[in-house]
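Let me begin by presenting the structure, written as C-alpha cells, before commenting on it.
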Amino acid sequence: MSEAVLAKLKETFAADILETHSDHGDDTARVTPASWLAISEFLRNDAGCDFDMFIDLCGVDYPSRGGVVDAGGRMEVVMHLYSTTKKHRVRLKTRVGDEDMAGADLDSVTHIWPGANWLEREVYDMSGVTFKGHPDLRRILMYPEFEGHPLLKDYPAQRTQPLIPYRTEDEAGVPLEKLPPFRADEGMSFGRRPFTETDEPS
Amino acid sequence: MEPLDLELEESELELPAEPMHLNMGPSHPAMHGTVRIVLELSGETIVKADVQIGHLHRGFEKMCERGTWAQVFPYADRLNYVSPMLNNVGYALAVEKLCDIQVPERCQWYRMMLGELARISDHLTSTGAMAMELGAFTPFLWFVKAREIVWDILEEETGARLTHSFGRIGGMAAPPTKDFKELVRGGVVQILTLVEEGEKLLLKNRIFIDRLENVGVMSGKDAIGLGWTGPCLRASGVAYDIRKLHPYLKYDEVDFDVPVGKNGDNLDRFLIRLAELRQSMKILKQCSERMADDGPVNVDDPRVILPPKNEVYTTIEGTIQHFKLIMEGAKVPAGEVYSYTEAGNGELGFYLVSDGSGTPYRVRIRPPCFQITGGLQQLITGTMLSDIVPTFGSLNMIGGECDH
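Chains as they are written, first to last, in my numbering: chain A, 427 to 628; chain B, 259 to 662.
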C-alpha cells in the first residue's frame with residue numbers, strides 16, 4: 427500500500443515515531459501523544475500524503491499495561507485516515523492515560539478534519555479520553571447522567587445504572603400542576619411523577 | 259420634509275423577535291426511530307441545530323468482547339437492519355483478513371450476489387421512505403413490494419427474512435440453493451418494473467422535485483472532510499466506491515459503473531440510489547453467469563469451519579473439533595486489522611484486535627451512517643424547518659449502526 431508514507435513520517439518525525447508495521451497490508455505508526463497534532467497536520471497538509479478523509483477514531487483499552495513506562499499509557503487511540511487523491515490509507519496510534527485513566531488527554535484534530543468532531547466525542551464517551559481544544563466535548567451515545575465509560579475493560583458488562591428520577595417541584599421551579607403539556611399518566615420522562623396523596627400540599 | 263413617523267420607526271414598531279426552540283424527535287415519524295434534533299428557529303428558518311443520537315445504543319462493541327468471534331455475526335446483522343447481509347460479509351471478510359483465509363471462488367460470487375441483493379433492498383428502503391416522508395405513499399408501497407421480492411429470495415436462501423446471521427468465518431452457513439440463480443434472474447426483472455413505475459410517479463412530480471432540488475447541498479470537499487462515504491459522497495461528485503477503487507471479493511472481475519452526482523443536493527442523493535440499483539442488477543446478472551453450480555463454499559480449514567454433522571456424531575475427531583469451535587471459538591491469530599467494504603451507506607469498516615484467543619479483544623465498527631449523520635447539522639442550518647424531512651431522509655440514517 428503506502429509504505430512511502432511511513433518512510434516519510436520516520437524521516438520527518440524520527441524521535442516521535444515509536445514503532446511501525448505493515449501487517450496485513452495496513453500501514454501503522456505508533457507515535458507519542460505529544461506529537462499527535464503535529465503529525466496529523468503533516469499528514470493532512472503534506473502534498474505526498476494528502477490525507478483528506480477522516481475515516482475512523484477509536485480507543486482500545488489495555489488495562490494491564492498501564493504504568494509500564496516504556497510501553498506507554500493504558501488507552502490506545504487509533505485513527506484511520508484515507509486520501510481520496512492518492513488512494514492510500516494509514517493508521518496512526520498513540521497511547522495515553524495511566525492505570526486510572528488519569529492524564530488521558532489528547533489534542534483534538536477537529537479543526538483539521540471536521541469529521542473528527544463526532545468521533546472524538548464518541549471516544550470521549552466510550553473510552554474516556556479527553557480531547558483538548560474540541561469545540562463541543564460531551565457525551566454522544568450515552569446520556570449526560572451516565573457514570574463511567576463503557577468500553578473500559580474494567581467497566582462490567584452487566585452493570586446497570588439507576589433510572590434518572592423525574593423532576594421534583596423544587597427543580598422545576600413551578601408547581602407540578604403547572605408543568606405543561608403532559609399529564610402524569612402519560613409517563614413522559616420530562617413530565618411529573620404520578621400524583622399520590624402524600625403530594626398534597628399541606 | 260421630514261417623515262412624520264420617524265420616532266415610531268425606531269422604537270414601538272419593532273417587534274421583539276425571540277428565537278423559538280423546537281424539539282424534533284426522538285419520537286417523530288420522520289426521524290427514522292431515534293434521532294433528536296433540537297432546533298432554534300427564527301421564523302421558519304433554522305438558526306441553530308443540535309443533532310443528538312444514541313437513543314438506540316445497544317453496546318454492540320462491548321457485547322462483542324464477551325463471546326466468540328463467530329458470535330458477532332448476529333450482532334452484525336442488527337447494525338444495518340435494511341441490508342444485514344452486507345454487514346455479515348463485511349465482518350466475515352475482516353476476520354478472514356486477520357486469519358489470512360481466502361474463501362473459495364464460488365463463495366466469493368455467492369457473497370457478492372447476496373450482498374448486491376441486500377444493497378438493492380437498502381436503496382429501495384431508503385428511496386421509498388424518503389418518498390413517503392414527503393407524502394408520496396404509493397411509490398413507497400411499490401418499493402416495499404420490490405423489497406419483498408429481495409427478502410423472499412433471501413428467505414429462501416437463509417431461512418430468515420431480515421436478520422439472517424448467514425455469514426461464517428471462512429464461508430457461508432449453507433451453499434446456494436438449487437433455484438437461487440433462477441430466483442434472482444426472475445426477481446431482478448420484477449424489481450426493475452416496480453422501480454420504474456415508482457420512478458415515473460416521482461420524477462415528473464413538480465412538488466416532489468421542488469422539495470429536493472437545491473435543498474441540503476453538500477459540496478464534495480466538505481463531504482470528504484466530514485468523512486462521508488457511499489451514495490451520499492458520490493452524490494456530491496466524488497467517485498469513491500470501494501468496490502471500484504479497492505476491490506474485494508470478485509468486484510474487479512465484474513463490469514459496473516459508479517454513478518456520480520453533480521450538485522450534492524437531496525435530488526442527487528435520491529437519483530444516485532436509483533442509479534446504483536441498476537448497477538447492482540448488472541452485477542447480479544454477471545455474478546449469476548460466473549458462479550459455479552457446484553464446488554465448495556467453505557474453506558477446507560478445520561481451525562474455523564465446523565465439521566459436517568455426520569462426522570460430529572460418528573467420529574471422536576469431529577466431536578472434539580465441534581466442541582472446541584463452539585465452546586472456545588475459532589482461534590484468531592494475535593494482531594490488528596482494518597477491513598473495509600462498501601455497504602449500503604458507504605464504507606463499513608471493522609477494526610479488529612485479537613489477542614490470539616477465541617474471543618475478540620476489541621471489535622470496532624466504523625458505521626458509515628455515523629459520519630453522515632454528523633454532517634446533518636451543517637446541512638440543515640440555514641434552511642427551512644420543512645427541509646429537514648427530505649434532507650434527513652436522503653441521508654438514510656440507520657439507527658442501529660449509527661448508535662452502535
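Even for Gly, the Cβ is constructed at its ideal location relative to N, Cα and C.
Nearest neighbour of residue i, chosen from the options [CA to CA]
i      : options                        : result
B/N521 : B/G445, B/G348, B/S477         : B/S477
B/V296 : B/D308, B/H290, B/T303, B/H286 : B/D308
B/Q629 : A/D482, A/K558, A/Y550, A/A441 : A/D482
B/N524 : B/D645, B/P566, B/I574, B/S615 : B/D645
B/M278 : B/V293, B/A288, B/H286, B/V305 : B/V305
A/H506 : A/E525, A/D524, A/C484         : A/C484
B/E569 : B/Q579, B/R561, B/E455         : B/Q579
A/A542 : B/F424, B/G633, B/N472, B/P618 : B/G633
B/V402 : B/L452, B/V293, B/D513, B/T577 : B/L452
B/G231 : B/R531, B/E298, B/G553, B/P560 : The requested residue 231 of chain B does not occur in the structure, where chain B is confined to residues 259 to 662.
A/W462 : A/H514, A/G474, A/L435, A/A473 : A/L435
A/I590 : A/E437, A/G499, A/M568, A/A464 : A/M568
B/H422 : B/V340, B/L299, B/L460         : B/V340
B/E534 : B/L382, B/L299, B/R294, B/C365 : B/L382
B/I465 : B/E659, B/P648, B/N654         : B/P648
B/S615 : B/E323, B/E298, B/R316, B/I311 : B/E323
First and last residue of the uninterrupted beta strand (DSSP E) at residue i
i      : result
B/S612 : 604 to 612
B/I311 : Neither: B/I311 is in no beta strand (DSSP E) and is coded neither H nor E.
A/F557 : 556 to 558
A/T454 : 454 to 457
A/D531 : 531 to 533
Distance between residue j and residue i (C-alpha atoms, nearest Å)
i      : j      : result
B/A352 : B/L344 : 12 Å
B/R527 : B/L606 : 19 Å
B/E363 : B/M549 : 8 Å
B/M390 : B/E413 : 26 Å
B/P489 : A/E467 : 28 Å
B/D410 : B/E454 : 20 Å
A/E571 : A/E597 : 16 Å
A/D442 : A/H575 : 29 Å
B/S538 : B/E374 : 6 Å
A/V431 : A/G559 : 27 Å
A/F439 : B/D558 : 45 Å
A/S490 : B/L280 : 47 Å
A/D449 : B/E471 : 46 Å
A/Y592 : A/Y488 : 38 Å
B/I407 : B/A418 : 13 Å
B/A493 : B/V518 : 6 Å
A/F477 : A/E429 : 14 Å
B/P332 : B/L314 : 17 Å
B/T577 : B/L564 : 10 Å
A/L469 : A/D452 : 16 Å
B/T385 : B/A376 : 14 Å
A/V457 : B/S612 : 21 Å
A/G499 : A/A460 : 13 Å
B/R624 : B/Y609 : 8 Å
A/V495 : A/I465 : Low confidence applies to A/V495: its pLDDT is 49, below 50, so where it sits in the model is not reliable, and the reading given next is rough at best. The alpha-carbon atoms of A/V495 and A/I465 are separated by roughly 22 Å.
B/P591 : B/D358 : 9 Å
B/Y596 : B/E440 : 36 Å
B/C545 : B/E594 : 32 Å
Identity of the residues DSSP links to residue i by a beta bridge
i      : result
A/M505 : A/L483, A/L518
B/M430 : B/G425
B/A601 : B/G604
B/L280 : B/L297
B/M642 : B/T303
B/Y596 : B/Y609
Limits of the unbroken alpha helix (DSSP H) element including residue i
i      : result
A/S461 : Counting along the chain, A/S461 falls outside any alpha helix (DSSP H), and DSSP gives it neither H nor E.
A/Y550 : 542 to 553
B/E415 : 395 to 416
A/E445 : No alpha helix (DSSP H) contains A/E445, which is instead part of the beta strand (DSSP E) from 443 to 447.
B/V621 : Looking at the DSSP string, B/V621 is not in any alpha helix (DSSP H); the run it does join, the beta strand (DSSP E), is 620 to 624.
B/F466 : 464 to 470
B/G553 : Neither: B/G553 is in no alpha helix (DSSP H) and is coded neither H nor E.
B/S384 : 363 to 391
B/E586 : First-last for B/E586: undefined, no H or E at that position.
Residue i CB to nearest heavy atom of the ligand GDP below 7 Å
i      : result
B/V442 : Of ligands this structure carries none, so the ligand GDP is not represented either.
Exercise for the section: Examine the Cβ distances between the region 573 to 587 of chain B and the region 394 to 412 of chain B and report whether three or more of them are shorter than 8 Å. Expected result: no
Exercise for the section: Take every Cβ of the region 509 to 524 of chain A, pair it with every Cβ of the region 536 to 550 of chain A, and state whether three or more of those distances are shorter than 8 Å. Expected result: no
Problem - Touching by the beta-carbon criterion (3+ pairs, under 8 Å), the region 422 to 438 of chain B and the region 315 to 331 of chain B - result: yes
Problem - Contact list for the region 517 to 541 of chain A against chain E, Cβ threshold 8 Å - result: This model lacks chain E altogether, as its protein chains are A and B.
Problem - At least 3 beta-carbon pairs within less than 8 Å: the region 505 to 521 of chain B vs the region 333 to 342 of chain B - result: no
Handout entry: Segment contact flag, the region 574 to 588 of chain A with the region 544 to 558 of chain A, C-beta cutoff 8 Å, min 3 pairs
Key = yes
Exercise for the section: Report yes or no: do three or more beta-carbon pairs, one from the region 494 to 501 of chain B and one from the region 591 to 605 of chain B, lie closer than 8 Å? Expected result: yes
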